[in-house]
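Q:
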Amino acid sequence: MKKKYSTFHTVLQFSMILLFVLFLRKFILTPIEVVGISMEPTYHESDRLWQTSLVTPKRFDIATFPSPRDGKRIVKRVIGLPGDTIRMENDQLYINDKKYDEPYLDEFKHALTDGMPLTADFTLANSAAGPATVVPKGKYFVLGDNRRKADDSRYFGFVDEDAIVGVVYFRYYPLNKIGVQ
12 MKKKYSTFHT VLQFSMILLF VLFLRKFILT PIEVVGISME PTYHESDRLW QTSLVTPKRF
72 DIATFPSPRD GKRIVKRVIG LPGDTIRMEN DQLYINDKKY DEPYLDEFKH ALTDGMPLTA
132 DFTLANSAAG PATVVPKGKY FVLGDNRRKA DDSRYFGFVD EDAIVGVVYF RYYPLNKIGV
192 Q
């Protein structure tokens, strides 16, 4: 009798551990690989990140979702939340008519030598999100950090809240850039 209990107990413990690991893998430690250059200089091709699906994206969080173009998972920065107005003038971001600094772009802006802005002027109405003038309920407006090369909400429109897979919180590769994001 003791042998049966011991075997049952071991199987139960193993099952609980397996369920816990699967929970962690699905919701907390979900790996993602950066593909492309649209998030440079923040992330580069082949950077490896962990994301969580347990939090709702906030402004300037980096979120992952399936590309509206081909369904592959992509990484972009959340700029506009539901109810926001978004515009870019002279390389300055305005959200609800308030100026916002984007320090994560400073490295790229300082490296420009052609006299052109990193981000061309736009409004929601004259982007692919138009004719909307505010971010609708249940949607987000996202931008890549490499604004000249990014395929983002300016070109494919809003991202559905339900399409957001996760929010990036940790880079684990390359090892010299490991850390909380």
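At position 72 of the sequence shown the residue is numbered 83 (our numbering), and the sequence of numbers has no breaks.
For glycine and all other residues, C-beta sits at the position ideal for the given N, C-alpha and C.
This structure is a prediction, so every number in the text was calculated from the model and none was measured.
1. On the CB-based measure, 16 or more other CB atoms within 10 Å of its CB, does Y151 come out buried or exposed?
2. If we ignore side chains and look at the alpha-carbon of each, how far apart do F119 and A143 end up?
3. Quick check on the burial criterion: 16 or more other C-beta atoms within 10 angstroms. Buried or exposed for Q24?
4. Taking the CB atoms as reference points, tell me whether G94 and A140 lie closer together than 8 Å.
5. Skipping 5 residues on each side, what residues in its chain have a beta carbon closer than 7 Å to that of S57?
6. Whole angstroms is fine: what's the gap from D102's alpha carbon to D117's?
7. Please state if the CB of V89 and the CB of F71 are separated by a distance shorter than 8 Å.
8. From what residue to what residue does the beta strand (DSSP E) around R88 run?
A: Considering the structure as presented:
1. Buried, because 16 or more other Cβ atoms sit within 10 Å of the Cβ of Y151.
2. Taking the CA atoms as reference points, F119 sits about 30 Å from A143.
3. For Q24, the number of other beta carbons within 10 angstroms of its own is below 16, and it is reported as exposed.
4. Not a contact, by the Cβ cut-off of 8 Å.
5. Counting only Cβ-Cβ distances below 7 Å, and skipping sequence neighbours, we find E44 and V45.
6. Approximately 11 Å, taken between the alpha carbons.
7. Contact: yes.
8. DSSP places R88 in the uninterrupted beta strand (DSSP E) bounded by R84 to G91.
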